[in-house]
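Residue 1268 in our numbering sits at position 189 of the sequence shown, with consecutive numbering throughout. Backbone N, C-alpha and C fix where the C-beta goes; we use that ideal spot for every residue, glycine too. Only a predicted model underlies this, so the values are computations on that prediction, with no experimental measurement involved. See structure below.
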Amino acid sequence: MRTPRLRSDGHTGPLTLLAIAATLALVAAGSQTAGQATPTSAATSASSWRGLVGSRPRVTVGQRVIVVLKTPSLAQRVAAAGGRATDRHERSWSTAVVASQRLLIARLAVQGVAIKPEYSYTRTLNGFSAAVDPAAIPLLERDSDVAGVFPVRPAYPASISSEVLARPDFAPDQGHRADIGLSGVDGRGVTIALLDTGVDKATPYLRGRISPGIDIVGGDPGALAARKPDEPAQRERHGTQMAGLLVGAGGPSGLSGVATGAAILPIRVAGWQLDATGRWALYSRSDQILAGLERAVDPNDDGDAHDAARVALVALAEPYAAFTDGPEARAAAGAMALDTLVVAAAGNDGATGPGYGSISGPGGSPAALTVGAADTRSSTETVHAVVRSGLRVMLDRTLPLAGVVRPRDRLDLEISTARGGLGPSAGSPRLLDFFARNGTSRVAGRAALVAGGASPVPAAEHAAQAGASAVLLYGSRMPSGGLGLDELVPVPVVPLPAGTAQELVARMRSGAAATISIGGMRVEPNGDRGRVAAFSSAGLAFDGRVKPDVVAPGVGLATADPGTNADGSPRYATVNGSSAAAAVAAGAAALLAQARPGLDAPSLKGLLVGTAAPLDEGSVTSQGAGTIDVGAAAAGEAAATPATLALGRSTGAGWRTRRTFTIQNLSTRTIDVRLAVDQTREGAAAVDFLLRPARLLLPRGHTATVVVRAVTGSNPTGSTPAEGAVAVRVAGGGSIRVPWTIAFGPPAVDLLGGVHLSSRAFKPSDTPPALLLFEAGGLLQVDGRSEIRPVARLDVELFNAANDNLGLLARLRDVLPGRVALGLTGRDPGGATLPPGKYRLRVRAWPTDGGPATRRQVPFAVLGR
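Quick look at the structure:
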């Protein structure tokens, strides 16, 4: 696609966006005094985090942005009509949305801005994605028809790892079953849109359950699992694995998916694409996910959404992007208005907080059913490991065995690494990296220390192929049994704890030698059974809302894998991650949709969240309402909207908030409802609640609004959140719960750091411009935990010596913490050369919780030519 550019009189615009850093690391740099919030250097945190975690591919989105228009989308039109619209009305409204986009693009062309949309959105939201010169963004933001310009972000499959089960039949302990079902119901008649990589339709486990697909990434009419262009042996796996969890049937040992009667509409929004290094990598982008949601609600692409899928599974994650007002959140709300429930993975970045957490986009959307991963396995396999470096014993403890290959005898091995050392990597080590330049293996007969990152399977494969006797993975939160590949990795695989890995990496970088002793395997009861998986991302979302909404089984789940084994038998795998949990939840939603066909999308979500069973261990921020109970949901008589509350952050004694939710009677009778606040954790300060009404009689099909008021009665001691739920008890009909959390923290955080202009006096020049450098957003250390503070909106405005506001030079929305570099050309917002004189920049950054903006003033002078 030709990159649009700003057309003018031969010069560029007043300001050039040179770079915006990716999301910063969220890992503690050291414990702090309880209750203290300590800023952390953006650069330092990013470096230390990436050095340990590694391997998500670096993705360059170029100048792509998403432009959202104010003209109502199809979903907004349908909602305004009370959810009732004919086919003709919907097609007419879709045409009107397209016309509004064309009008804006034509008007911008007259002003010198040429835009060629890559994707156009009309159903779930009104907008388009395109490559836009940064100098044109202020012009777009000032346009009366534009609601906002938002960044495009990379998204990745939200699974930690997978293990191929090579045997045609495998024992039950080789792959865990989700154990989610509803008697007499299999999802028949329900379509689930699967927004993921391509799907291998030929595998017998899925045969007959996969509809003709839609390929957003590559244009393949079948949306099949594609092969890696430069390595055909590698195929896209994630979509096939998710499809198996959803609808698989007839597998070995009675293996089946959750909703075997449902149909999958595969929409390939992720696949092999070039990354920032020019290598092929597996990822998606937020603009591609939005395009997939457009087709999920209108599969035949005719502008009429009456053929919308009932459920849309987005098992991809935009790391840490828990924004609640961006295009993804708007699209999820639009899909819900068109009666499609979006089920999203929470992410696999573990717990942060105690305020804002690590929820991935689009899981931050209030409308999405966001799902975290729970560990429901009864037993695990472990080994005892001792790591030494010199005279120092760095580790002496029992560790999970990540694979299915067990050490027959005690192993005593030197530890070695791949060529290139232990620094941050854009991807897993290649096979070539495990060999020296003279062709000898660096790891033969040794334990290979490998940065597994988000894709540890290829790393472990390559180390084993190079002759390693064991593989030590770091940078992957991997449960026992999370990796195996017994035919391709015929050696034990052990994940090292993060602290040990950090110290070991540091010592080996300094040239120290290290060894490991690995003992025999033992089967032990799973101490994490019934808990949220350590890798599962936790909330809150950036508006203070409880996320994830629920959790579901997401560790060691058996499913299909693309292709066949050497003997021609189908391949099966185990998967771990919030994507697997989201697939289980999407299958449960399909069961509920069949069991109660009269439910709309908000009611589906409300019942699944409201009737979930709380885990005995785990905070509300990590589990939401608890584990999905589809049986309880099928019997539920009431649902709440929203299903979780966003009470926000208390800043001290006297802080207060007010929120509302509605209760809908979904039964066939008048229900007697009593409401109360159940507080499961007091938190850092006393909080008083008031509910109005506390009791109501609700006729069949009616709704009622409940007002929740909360007041902090004391100053906080520490930062532990207050947690609980509003209990809605139906006389003779069970109850539902509406989870809430109140975080405690400082009233304001400095969202602008290190603001610096490279030259305070310069002549107008397009090349090279003067650079405005700063760190946007915040990364706090609170009680030894990292907490992200994003920026909802960032403006750079230009003033002259007379203090006249000359206009907006730059606007960024939904900014994750990172470094920003802006180039000043010495021109005003209209592109005209500034006359010599004194000027100043006003930089303002607003937080996502509605607090006051952080402000900076930067004076400079423009010199004569």
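Item                                                                                                                                                                                           : Value
What are the boundary residues of the beta strand (DSSP E) that includes Ala1342?                                                                                                              : 1342 to 1347
If you measure between the beta carbons of Val1937 and Arg1919, is that distance less than 8 Å?                                                                                                : yes
By DSSP's criteria, Val1584 is part of a beta bridge. Which residues make up the other side?                                                                                                   : Answer is none; Val1584 lacks a bridge partner.
Go through its chain and collect everything with a Cβ distance to Arg1892's Cβ below 6 Å, but skip five positions before and after it.                                                         : Gly1227, Phe1229, Arg1872
Would you list the residues sitting across from Met1600 in a DSSP beta bridge?                                                                                                                 : Val1462
Could you compute how far the alpha carbon of Gly1460 sits from the alpha carbon of Gly1606?                                                                                                   : Per the sequence presented here, residue 1460 reads as Glu, with Gly not at that position. Approximately 11 Å between the Cα atoms of the pair.
Would you check if the distance between the CB atom of Ile1346 and the CB atom of Gly1666 is smaller than 8 Å?                                                                                 : no
Helix, strand or coil for Leu1131 per DSSP?                                                                                                                                                    : Here the model assigns Leu1131 a pLDDT of 25, short of 50, so the residue's position is not dependable and the matter cannot be decided.
With burial defined as no fewer than 16 other Cβ atoms inside 10 Å of the residue's Cβ, what is the status of Arg1316: buried or exposed?                                                      : buried
Scan the region 1373 to 1460 and note each continuous beta strand (DSSP E) run of 3 residues or more that stays entirely inside, going in chain order.                                         : 1390 to 1393, 1420 to 1424, 1448 to 1454
To the nearest angstrom, how far is the alpha carbon of Ala1764 from that of Phe1823?                                                                                                          : 8 Å
In or out: Gln1367 buried (at least 16 other Cβ within 10 Å) or exposed?                                                                                                                       : buried
How would you call Leu1726, buried or exposed, if buried means at least 16 neighbouring beta carbons within 10 angstroms?                                                                      : buried
Could you tell me if Arg1944 is buried or exposed, where buried requires 16 or more neighbouring beta carbons within 10 angstroms of its beta carbon?                                          : exposed
On a Cα-Cα basis, can you pick out the residue from Leu1683, Ala1660, Ile1271 that is closest to Val1326?                                                                                      : Ile1271
Tell me the rounded alpha-carbon separation between Glu1169 and Val1376.                                                                                                                       : 12 Å
Taking the C-alpha atoms as reference points, what is the distance between Ile1216 and Arg1890?                                                                                                : 7 Å
Drop a sphere of 10 angstroms on the beta-carbon of Asp1928, count the other beta-carbons inside from all chains shown, and report buried for 16 or more, exposed for fewer.                   : buried
As a quick exercise: from Gly1689, Val1699, Ile1343, pick the residue whose alpha carbon is nearest that of Ala1801.                                                                           : Val1699
At what residue ranges does the region 1155 to 1223 contain a whole run of the beta strand (DSSP E), taking only runs of 3 or more?                                                            : 1198 to 1200, 1206 to 1210
Going by DSSP, which residues form a beta bridge with Ile1293?                                                                                                                                 : Ile1346
Using 8 Å as the threshold, is the C-beta distance between Thr1759 and Gly1803 below it?                                                                                                       : yes
To the nearest whole angstrom, what separates the beta carbons of Thr1720 and Pro1681, a pair I think is in contact under 8 Å?                                                                 : 5 Å
By how many angstroms is the C-alpha of Asp1622 removed from the C-alpha of Ala1711?                                                                                                           : 29 Å
From this set, Pro1569, Gly1590, Ser1596, Leu1552, which residue's C-alpha is nearest Leu1575's C-alpha?                                                                                       : Leu1552
Tell me which same chain residues have a C-beta within less than 6 Å of the C-beta of Leu1670, skipping the five on either side of it?                                                         : Leu1261, Val1264, Gly1266, Ala1338, Val1709
Check this for me: beta carbons of Ala1840 and Phe1768, under 8 Å apart or not?                                                                                                                : no
Nearest to Arg1771 by CA position, among Thr1579, Phe1740, Thr1749, is which residue?                                                                                                          : Phe1740
At which residues does the alpha helix (DSSP H) containing Ala1665 begin and terminate?                                                                                                        : 1657 to 1674
Within this structure, are the beta carbons of Leu1913 and Arg1921 separated by less than 8 Å?                                                                                                 : no
So is Asp1418 buried or exposed if we call it buried at 16+ other beta carbons inside 10 Å?                                                                                                    : buried
Give the straight-line distance between the Cα atoms of Gln1115 and Val1144, rounded to the nearest whole angstrom.                                                                            : Bear in mind that the predicted position of Gln1115 carries a pLDDT of just 43, short of 50, making it unreliable; the figure below should be weighed with that in mind. Cα to Cα, the separation comes out at about 37 Å.
Please go through the same chain and pick out, in chain order, the residues whose beta-carbon is closer than 6 Å to the beta-carbon of Ser1363, but skip the five residues on each side of it. : Ala1234, Val1348, Ala1349, Leu1395
Near Gly1432, what residues of its chain come up, given a Cβ to Cβ distance below 7 Å and the 5 sequence neighbours on each side ignored?                                                      : Ala1617, Thr1700, Arg1864, Glu1866
Grab me the residues of Arg1934's own chain with a C-beta within less than 6 Å of its C-beta, minus the 5 sequence neighbours each way, in chain order.                                        : Arg1923
Of the residues Phe1853, Lys1917, Pro1908, which one's Cα is nearest the Cα of Ser1837?                                                                                                        : Phe1853
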